[in-house]
Each structure stands twice: as C-alpha cells, then as structure tokens.
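In our numbering, the protein residues as written are 7 to 84. Positions of the beta carbon are idealized from the N, C-alpha and C atoms, including for glycine. Just below is one structure, and these are the notes that go with it.
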C-alpha cells in the first residue's frame, strides 16, 4: 500500500499538521484485508480513500450504522 503514491498522505505526515507520529490507517486496512474483516470506525475518510485502490472487505461507521463500502462477503463472528 505504501507504494501507491495517491495514498502517500496516509503514511507520511505533513509537518504542518498536529497529528503526531506515524499514521496507522494503512496497517489497519492491510490487516482487515488479510483477515477479510470489516472495519468499524467513526473516521471513515482515510479508509474510503484506501478502498479506491485496495478493496476493503467492508467499512462501517457505528454512529451512522450505514456501510460506507459494501462487504464483499458475509463473515460470521463466533
């Protein structure tokens, strides 16, 4: 994912921002893809950007209760 230049803003911090340290959205998205798990987060904007290049299994904002991206397959959690 770090080789996709369009996602550079997600792995290199802009020195003008107040966000400290490395950003974690790419690592979290990669983990979700590898484990075929739906992401549940209030901050969907970074993951919607990632989903344009790497299809996420699903993305849900728990406050809206609306899927931001459609799950590609149902996953049962036991």
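Which two residues bound the contiguous beta strand (DSSP E) that contains residue i?
i	result
residue 65	65 to 67
Quick one: is residue i buried, meaning 16 or more other Cβ sit within 10 Å of its Cβ, or exposed?
i	result
residue 59	exposed
residue 50	buried
residue 63	buried
Of all the options the options, which has the alpha carbon lying nearest to the alpha carbon of residue i?
i	options	result
residue 14	56, 37, 36, 63	56
residue 69	16, 37, 46, 29	46
residue 19	40, 30, 10	30
Which residues mark the beginning and the end of the alpha helix (DSSP H) in which residue i is found?
i	result
residue 53	51 to 57
Spell out the partners DSSP gives residue i in its beta bridges.
i	result
residue 32	According to DSSP, which records beta bridges pairwise, residue 32 is partnered with nothing at all.
residue 62	Looking at the DSSP assignment, residue 62 forms no beta bridge with any residue, so it has no partner.
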